[in-house]
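Chains as they are written, first to last, in the working numbering: chain A, 1 to 267; chain B, 1 to 656; chain C, 1 to 358; chain D, 1 to 318.
All residues carry an ideal CB built from backbone N, CA and C; glycine is no exception.
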C-alpha cells in the first residue's frame with residue numbers, strides 16, 4: 001500500500017507527536033491535568049491506567065475532539081492550540097473507539113470506503129453522473145479497500161450491514177476504516193475490549209502487521225497487561241488524569257507508583 | 001475441435017502456445033481475489049508463463065529437475081506447473097494440508113531443488129524440516145503477507161521471479177530464443193509431472209506421467225464428454241490429487257476451457273454458485289453433505305413450501321431420471337416435471353450452483369443409490385467413473401444415457417480392461433503412468449508382463465449393463481467354502497446405504513455362508529423409535545429391541561434380493577445377522593481414523609459372536625472393553641440376539 | 001424463484017458496483033420502464049395520466065428529495081412543502097420574466113433557487129439536531145408559505161393571489177398551460193423523474209452518499225475520519241431542496257396548471273414525510289412505494305365504493321379515507337418500521353434463495 | 001436610514017406613546033401564551049413519561065372540544081357532556097396504549113413520532129365523520145364560563161379584559177398547579193418522573209409501563225379538553241386549531257421537552273413575543289408575521305442555546 005500522505009516528512013524514531021503540560025476539565029471535574037509525553041514515529045505506544053484515568057480523554061484531545069484548557073500539542077512539527085477533528089484527520093490521525101463507533105446502517109465495505117473520503121476528490125458533478133473520472137476514482141479506492149479487507153480477512157462479511165456483525169468483527173471493520181485513511185498516527189482505544197483469547201491474538205497480530213507492513217505509528221489504550229507487554233515499545237501510565245510513569249513495558253511494570261495505582265483499583 | 005489439434009501438440013507447453021493462438025482472447029483462468037473474479041486470457045497466461053519460465057531458469061532450475069508445488073488452487077501455482085514444464089522441469093505437487101512429516105518425505109524422495117508454495121504457512125512448514133532436505137535450494141511464494149522480514153537469500157516471491165523473467169525476455173532477445181528452443185526441445189515422452197499417491201498403503205509412491213500420455217488420455221475424455229473452450233470448471237480439489245491435475249489442468253489445457261480458482265477453501269460453495277461451472281466433479285461425501293444441508297434448510301421452510309418441495313421431489317423421483325436418460329415419459333409426467341422445474345429443481349440447482357453444469361462426475365467410493373438418484377432426478381447429469389493415479393484417473397466412465405448407481409461404466413475409449421482370475425481388474429490405457437519414481441521394483445510389481453496395470457481392486461462386468469462393477473479391494477475378497485466369491489465391502493456398502501445402518505461388518509471368508517454384524521444409526525433409528533413410540537434408554541437397549549431387529553431384517557432382506565440380482569454375488573447372501581450392542585469406535589481401535597472398519601481386529605475382538613453366528617445359536621454373550629470419552633476404560637457385557645434370514649434364489653431377476 | 005444467479009459473476013469493480021448487479025433485476029426495471037413510458041401513455045385514459053400517474057411521480061420525486069435529507073443524512077425536515085413552493089414560484093417568476101427560454105429548463109433551474117433557500121435554512125442544522133431541527137424547518141415552512149401570500153411580487157401581483165401557468169411549447173407542442181395534453185405532461189414528468197432518480201442513485205452510491213450516511217449513523221466518528229459536518233449537511237439540504245423544488249415546479253406547471261399558496265402548506269410537508277417513512281427511510285425505491293401508497297390508496301378508497309355502487313357521501317368518503325390512511329400508517333409502522341422498502345427487500349431475498357427459507 | 005428608524009425607533013415610541021395599547025397587547029399575548037403553554041403541557045406530559053413526541057396533541061385538543069360540543073348538540077346536558085368527554089379521552093388513552101404504543105415499544109423515537117402522525121389523521125377523520133367538519137361554537141356559557149369584558153382604566157387609557165380570558169388564566173394556573181402537586185406529591189406522579197429516567201425505576205414503584213402510558217395520555221387528554229374549551233370559547237372549535245397547536249413546538253424548544261415550568265415560561269414568551277411583534281413590527285412586513293414569528297424566535301434562540309432554556313449543557317462522549 002502507499003505511504004501515508006501529507007505533512008512534513010519525519011524519519012522513524014523522531015518525535016511524531018508531543019503532548020506538553022496538557023490539562024482538561026469538564027466543568028469542575030479534572031479529566032487530565034498537566035500531562036506530557038511524546039510518541040515517536042514508527043513505535044507502538046501504549047497508554048494504560050485504571051478506569052477513569054483519563055486515557056480516552058487523552059485520545060480525544062489528540063485528535064481534536066476535546067480542546068484542552070492548557071498545554072500544547074505538537075504534531076509533525078506543527079504546534080497548534082485548537083484543532084477541529086477533521087483537521088486532525090487531514091493531518092493523518094486515524095482512530096478507533098472504545099465502544100465501536102461504526103456507521104451501523106452501512107455495510108462493512110461502505111464503512112471502510114467511507115474511511116477513504118479524504119483521499120477522494122472527484123467533483124460533485126462527476127459524482128452526479130457517476131461517469132469517467134468518478135468511476136475511475138471509485139474503482140481505484142475500492143481496490144485499495146479490498147486490500148484492507150483481504151488484510152483483515154473479512155471477505156465473507158463484505159456486504160453485511162455492520163449492525164448485524166458480532167462484536168469482534170465490528171472491531172476489525174473499525175480498524176479497517178481507520179486503516180483506509182492511511183493514517184500516520186493510529187489511535188486505538190481498547191482495541192481488544194470484550195474479545196475472547198482467540199480474537200485478541202488475531203487483533204494483536206493485525207496491530208503488529210499494520211505497524212510493520214505500513215509503518216504506521218500506533219498509540220493504543222489497553223487493559224490487558226499481557227497484550228501491552230507483547231505489543232508496545234513504550235508505555236505511559238495515567239492515574240486520575242496524572243502521568244505516574246513512562247517508559248518501556250518492563251520498566252513501567254516495576255514502577256512502584258504503577259503497582260500501587262493498580263492495586264488501588266483492584267479491590 | 002480443440003482435441004484434434006491437441007494430438008499435434010505433444011507437450012503442455014506446446015498446448016499452451018496452441019491455445020494462445022487459437023483462443024488467445026478467451027479466458028483461461030479466473031481467481032476470486034480482492035472481491036472480484038480476476039481473469040487471465042490464454043494470451044495472458046502464455047506471456048506470464050514464458051516470463052515465469054525464463055525467471056525460473058535464471059534462478060537455476062534445469063531440464064529434468066523437480067520442483068515442488070505446495071498450496072491451494074491458485075493461478076500462480078498452476079502457472080508454476082506450466083512454467084516448470086515449459087523448460088522441461090518436472091513439477092511435484094504436494095497436498096497443502098500434508099503434515100511436515102509427509103512433506104519432508106516427498107520433497108526428499110523427489111529430490112526437489114525448488115519449491116513454489118502458497119504462503120507463509122507452507123514456507124514455515126518446509127523450513128521446519130529444512131535440515132532433512134539438503135537438496136532444497138530456493139523457495140518461491142505467492143502470498144507476501146507475513147513473509148516481509150524473512151531472510152530472502154533463498155526466498156523469492158513468484159511475482160518477482162516473473163518480473164525478472166519478463167525483464168530478461170524484454171532486454172535480451174537470446175533469452176526468448178533460448179526459451180523457444182527449450183520448448184521445442186520438449187518431447188512427448190518426457191515426464192510431465194510426478195503425483196505422489198497419498199500413503200494409505202505404506203509410504204506414498206511417486207507416479208510419473210508423461211506429456212503425450214496425459215494429453216492423449218485427456219483428449220479422449222474431452223471428446224467423450226464434448227468439452228470445449230466454452231466450458232468452465234471450478235478448481236477446488238487438491239492440486240496434488242490426480243483428479244484435479246486431470247480434470248482441471250490436463251483437460252483444461254486440451255479443451256482450452258476456463259479454470260476458476262475459489263477465493264478460499266471455505267468460500268468454495270459460494271464461489272461455485274457465482275461462477276456456475278459447466279463441468280463439475282465431486283466425491284460422494286461432498287454430494288451427501290450437500291444433500292443433508294438441503295434437507296436441513298428445507299426443514300425450516302414454511303409448511304406449504306415444505307409440502308410443495310417434497311411433492312415435486314417425489315415427482316422428480318418418478319420421472320426425472322427417465323427424462324434425463326431420454327426415455328419415454330407420460331405427458332402429464334413431463335408437465336408435472338416441467339412445473340417442478342420452475343418451482344423447485346431450477347431454483348434448487350441455481351442455489352447450489354449447478355444451473356449450468358453439463359457434465360458432472362463422482363468417483364472414489366461407492367455412492368448410495370438414493371443419493372445418486374436425487375441429483376440425477378433434479379436434472380443434474382451426474383455420472384460415475386473409475387480410475388486411479390496410475391491410470392491418470394480414467395479407466396472407465398459412464399456415457400450419457402447409460403447411468404447406473406452401482407456400476408462405474410464401460411472402459412473409456414482406447415482403454416483395455418481384463419479381469420484376472422482372482423477377480424482383480426487390470427487395465428492398459430493411453431494415459432497410464434510410465435512408472436514409479438525411483439522405484440523399479442514396485443513398478444514391476446504392479447505391471448503384468450504384457451503391459452497391463454494391476455489396480456488392486458476386484459470387480460466384474462455386469463451382464464445387464466455391460467458396465468464394470470467394483471466390489472472391493474482385491475486383497476479383501478475371499479471365497480466361501482463352496483467357492484463363491486465373497487466381497488465383504490460390497491455387501492457392507494449395500495447395507496450401509498440404508499440410513500438406519502451406520503456400520504456393517506460382513507464375515508464369510510472360508511466359511512459356509514455369509515453373516516453380518518451391524519451398527520444401527522442412533523439418530524436415524526432414534527427418530528424412528530420416537531415416531532413409533534419405542535422407548536429406550538441406551539444405544540444397547542435400542543439395538544436389542546425386537547422391533548428394531550424386525551426393521552433391520554427387512555433391510556437385510558432387501559440387500560439379499562439385490563445380491564441375488566447378479567449371479568456373481570447371488571451365492572454370497574446374508575444368512576444370519578446380529579446388531580452389535582455397542583457402536584464401533586475409532587477410540588477402541590475398531591475403526592481407522594478415517595472411519596474404515598478394521599476387519600482383522602474386529603474378528604478377534606468379537607470372536608465369540610462370530611462363533612455364535614456359525615454355530616447356529618440364537619443368542620450370544622459378549623463382554624467388550626471400551627474407552628469412554630474421559631479416557632477411563634470399562635467393560636460392556638451384553639447378550640446379543642441373532643436372526644436367521646431367508647435367502648433369495650439366484651434365478652429371481654430383480655426388476656431393474 | 002425467478003432468480004438464476006449461478007454464473008452471474010463480476011470480473012470488474014465497475015460491474016460489481018452497478019445499480020442492478022443481477023440480470024433479472026435489470027430485466028425487471030426495463031419492463032417497468034417500458035410500461036411507464038409506452039404502455040401507460042398508449043392505453044391510459046386522461047384520468048389515469050392526469051390524476052394518478054403524474055401526481056404519483058411528482059410526489060415520488062419530492063419524497064426522494066426529502067429522503068436524501070431525512071433518510072440518508074438523518075436530518076428531519078418538516079419544511080418540504082415550503083421548498084417545493086419556492087421551486088414553483090421561482091419557476092413562475094422565471095418563465096414569466098423570460099418567456100423565450102423553454103419552460104422545462106426553468107422547471108429544472110428553479111431547483112437551484114430552492115436549493116439556495118434550503119441551504120439558508122439548513123445552516124442551523126450544525127448546532128441543532130433531531131426534533132429541534134424539525135422545528136427549525138417548521139420556521140422555514142411557515143415563513144415561506146407566509147411569503148407566498150404576503151409578497152405579491154412572487155405571483156406578479158395577481159389580484160387572485162394565485163399563479164396561473166402560462167402556455168409554453170416544446171417543438172411547437174404545448175407542454176404547459178390549459179391546452180397542453182395530459183399525456184405530454186405525463187411524459188415530461190416521467191422523463192424528469194427517471195433522470196433525477198438515476199442521478200440520485202449515483203450520488204448515494206458514491207462518496208457523498210457515504211458521507212451523508214456516515215453523518216446520519218454516527219456524526220462524531222464521521223468527523224474523526226475527516227468529514228466536515230456543516231459542508232456535508234448543507235450539501236444534503238441543497239440537493240434535497242433542489243429535488244423538492246423541481247417537484248414543486250412540476251406540481252404546479254405539469255399537474256395543477258395553477259396554484260395558490262395553500263398548496264404548499266404544512267400538511268403537504270407532512271404528507272411527503274409520511275411517504276418517506278412508510279416507503280422506507282434511506283431507500284429510493286421506497287420513496288416510490290411510499291408515494292404510491294399514500295397518494296394512490298385514497299384515490300382507490302374513493303373510487304371503490306362508487307364502483308361497488310355503495311351510496312356514500314363524498315364528505316363521508318373523505319373522512320373515511322383519513323381514518324383508513326391514519327390506521328394504515330400506524331399499522332405499517334407496527335408491521336415493518338423500516339417501511340415498504342424493507343418488505344420489498346425481504347421478499348426479494350426470499351425469491352433469491354428459493355426454495356430455501358434463508 | 002428610514003428603515004432603521006422604522007425598525008428600531010418607531011415601535012418603541014409607539015409603545016411609550018400609548019401605554020394602554022402596550023398593556024392590551026401584552027395581555028392578549030399573555031392569554032394566548034397561556035393557551036400555548038397548555039398545549040405544550042400536553043406534549044411535555046407524554047414526552048416526559050414515555051419519550052414519545054406526541055404530534056397528535058393538537059388534534060386531541062380539537063377532538064376533545066368537538067366531542068364536547070357535539071354531544072351537547074345531540075341534546076346531552078352540558079356538564080354530563082363534559083363528563084362523557086372525559087371518559088372518551090380516557091378511552092382514547094386506553095386504545096392508544098393498547099393499539100399503538102404497546103406494539104411499537106422499543107422502536108426508535110422517529111417511528112413513534114410518525115405513529116402519532118397516523119393517530120392525528122385518524123382522529124381528524126373520526127372527528128369529522130362523527131361531528132362533521134364545519135366549525136362549531138363552544139358551549140362556554142352553558143359550562144358556566146363568564147362572558148363579556150371588563151374595562152380597566154389604566155395608563156391613560158382603557159384596557160379591556162375578556163372575562164373568558166381571565167377565566168382561562170385562572171383555570172390554566174389551577175391546572176398547572178395541580179399537575180405540579182400531582183408530580184411532586186403523589187406516588188404515581190413520582191413514578192411518572194422516575195419513568196422519564198429509567199423504566200426499571202418505574203416498575204420498582206410498582207406501576208407497570210402500560211398503566212403509566214394510559215395515565216399520561218389520559219392526563220394529556222384532560223389538558224387537551226381544557227385547552228379546547230378555553231380556545232373554543234375565545235374563537236371557535238375547528239380543525240384550524242390543529243395548525244395553531246403547532247405553535248406548541250417553539251414553546252417546547254424554549255422550555256425544553258421535559259420541563260413543565262419550561263412549557264409555561266416558553267408559552268408566555270412566545271405568546272407575548274408574537275403579539276408584540278405582530279402589533280408593532282408586523283405592519284413593516286405586511287402583517288401576518290404571527291404565523292412564523294414564533295418559530296423564528298425559537299430558531300434564533302436555538303442557535304445560542306441548543307439545549308433549551310432549562311436543559312443543561314450536553315458533553316458529547318465517545
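Contact between the segment 210-225 of chain C and the segment 184-199 of chain C (3+ Cβ pairs under 8 Å): no
Boundaries (first-last residue) of the alpha helix (DSSP H) holding residue 231 of chain C: Translated into the one-based positions of the third chain, residue 231 of chain C becomes position 231. First-last of the alpha helix (DSSP H) with residue 231 of chain C: 229-250.
Classification of residue 319 of chain C by the beta-carbon crowding that lies within 10 angstroms, buried from 16 upward: The residue labelled residue 319 of chain C in the question sits at position 319 within the third chain. Classification of residue 319 of chain C: buried, given that the 10 Å Cβ count is 16 or more.
Beta strand (DSSP E) segment containing residue 424 of chain B, residue limits: Residue 424 of chain B sits at position 424 when you count from the first residue of the second chain. Here the beta strand (DSSP E) through residue 424 of chain B covers 424-428.
Ordered list of beta strand (DSSP E) runs contained in the segment 213-241 of chain B, each at least 3 residues: 232-234
CB of residue 88 of chain C within 9 Å of CB of residue 241 of chain C, strictly: Along the third chain, one-based indexing puts residue 88 of chain C at 88. Along the third chain, one-based indexing puts residue 241 of chain C at 241. Not in contact: residue 88 of chain C and residue 241 of chain C (Cβ atoms no closer than 9 Å).
Integer-rounded CB distance, given that residue 108 of chain B should sit under 8 Å from residue 132 of chain B: Here residue 132 of chain B refers to the residue found at position 132 of the second chain. Here residue 108 of chain B refers to the residue found at position 108 of the second chain. At roughly 6 Å, the Cβ-Cβ gap stays under 8 Å, so residue 132 of chain B and residue 108 of chain B are in contact.
Minimum Cβ-Cβ distance from residue 143 of chain A to chain B less than 9 Å: Along the first chain, one-based indexing puts residue 143 of chain A at 143. Yes, its Cβ sits closer than 9 Å to a Cβ of chain B.
Rounded C-alpha distance that separates residue 37 of chain B from residue 252 of chain B: As a position in the second chain, residue 37 of chain B is number 37, starting the count at 1. As a position in the second chain, residue 252 of chain B is number 252, starting the count at 1. Straight-line Cα distance between these residues: approximately 18 Å.
Cut-off 6 Å between Cβ atoms - residues of its own chain near residue 59 of chain A, not counting five sequence neighbours on either side: In the first chain, residue 59 of chain A corresponds to position 59, counting from 1. Closer than 6 Å at Cβ, skipping near neighbours: 187, 189.
Counted within 10 angstroms of its Cβ, other Cβ atoms place residue 71 of chain D as buried (16 or more) or exposed: Position 71 of the fourth chain holds residue 71 of chain D. With 16 or more other Cβ atoms within 10 Å, it is buried.
Supposed close pair residue 175 of chain C, residue 103 of chain C - CB separation, criterion 8 Å: For this step, residue 175 of chain C is matched to residue 175 along the third chain. For this step, residue 103 of chain C is matched to residue 103 along the third chain. Confirmed, about 6 Å.
Paired residues, beta bridge with residue 658 of chain B - DSSP: Because residue 658 of chain B is not part of the residues shown, which for chain B are 1 to 656, the question remains open.
Inter-residue CB distance, residue 69 of chain B and residue 99 of chain B (contact presumed, cutoff 8 Å): As a first step, residue 69 of chain B must be located in the second chain, where it is residue number 69. As a first step, residue 99 of chain B must be located in the second chain, where it is residue number 99. Between residue 99 of chain B and residue 69 of chain B the Cβ distance is about 17 Å, and since that is not below 8 Å, they are no contact.
C-alpha gap between residue 444 of chain C and residue 76 of chain C, whole angstroms: Within the shown structure, residues of chain C are numbered from 1 to 358, placing residue 444 of chain C beyond reach of any answer.
Min CB distance residue 33 of chain B to chain C below 9 Å: Here the question's residue 33 of chain B lines up with position 33 in the second chain. Not closer than 9 Å to any Cβ of chain C, the Cβ of residue 33 of chain B fails to qualify, so no.
Sequence ranges, alpha helix (DSSP H) only - wholly within the segment 65-101 of chain B, length at least 4: 75-86
Pick from D/257, D/129, D/213 that is closest to residue 100 of chain D, judged by C-alpha positions: Taking the fourth chain and counting its residues from 1, one reaches residue 100 of chain D at position 100. Selected option, being the one with the closest Cα: D/213.
Residue environment, residue 243 of chain A, which counts as buried when at least 16 other CB atoms sit within 10 Å: The residue you call residue 243 of chain A lines up with position 243 of the first chain. Per the 10 Å Cβ criterion, buried.
Residues bridged to residue 31 of chain B (per DSSP): Numbered from 1 along the second chain, position 31 holds the residue referred to as residue 31 of chain B. DSSP lists B/38, B/261 as partners of residue 31 of chain B.
Whether residue 344 of chain B touches residue 316 of chain B by CB criterion (9 Å): The residue you call residue 344 of chain B lines up with position 344 of the second chain. The residue you call residue 316 of chain B lines up with position 316 of the second chain. Closer than 9 Å, so yes.
Cβ neighbour criterion (16 or more within 10 Å) applied to residue 341 of chain B: Walking along the second chain from the start, residue 341 of chain B turns up at place 341. Buried, because 16 or more other Cβ atoms sit within 10 Å of the Cβ of residue 341 of chain B.
Selection of the segment 12-33 of chain C by Cβ proximity to chain B, strictly under 7 Å: 12, 13, 16
is_contact[residue 292 of chain D, chain C] using C-beta, thresh 9 Å: Locating residue 292 of chain D in the fourth chain gives position 292, where the first residue counts as 1. By this cut-off, residue 292 of chain D is an interface position.
Residue 119 of chain C versus residue 7 of chain D: straight-line alpha-carbon distance, rounded: In the third chain, residue 119 of chain C corresponds to position 119, counting from 1. In the fourth chain, residue 7 of chain D corresponds to position 7, counting from 1. Their backbone Cα atoms lie some 27 Å apart in a straight line.
Counterpart residues of residue 217 of chain A in DSSP-defined beta bridges: As a working note, residue 217 of chain A is residue 217 in the first chain. DSSP output for residue 217 of chain A lists A/185 as bridge partner(s).
Residue 222 of chain A (DSSP reduced to helix, strand or coil): For the purposes of this step, residue 222 of chain A is taken as residue 222 along the first chain, with counting starting at 1. Here residue 222 of chain A sits in coil by DSSP.
Collapsed DSSP secondary structure at residue 76 of chain A in the structure displayed: Here the question's residue 76 of chain A lines up with position 76 in the first chain. In the structure shown, residue 76 of chain A sits in coil (DSSP, three-state: anything other than H, G, I, E or B).
Cβ separation of residue 96 of chain B and residue 238 of chain B, assumed to be a contact under 8 Å, to the nearest whole Å: On the second chain, residue 96 of chain B is found 96 positions in, with the first residue counted as 1. On the second chain, residue 238 of chain B is found 238 positions in, with the first residue counted as 1. Rounded, the Cβ-Cβ distance is 7 Å, consistent with contact.
CB contact flag (residue 268 of chain D, residue 50 of chain D, <9 Å): Translated into positions along the fourth chain, residue 268 of chain D becomes position 268. Translated into positions along the fourth chain, residue 50 of chain D becomes position 50. No, these two residues do not count as a Cβ contact at 9 Å.
Beta-carbon gap between residue 417 of chain B and residue 396 of chain B smaller than 9 Å: Along the second chain, read from residue 1 onward, the residue named residue 417 of chain B stands at position 417. Along the second chain, read from residue 1 onward, the residue named residue 396 of chain B stands at position 396. The answer is yes: Cβ separation under 9 Å.
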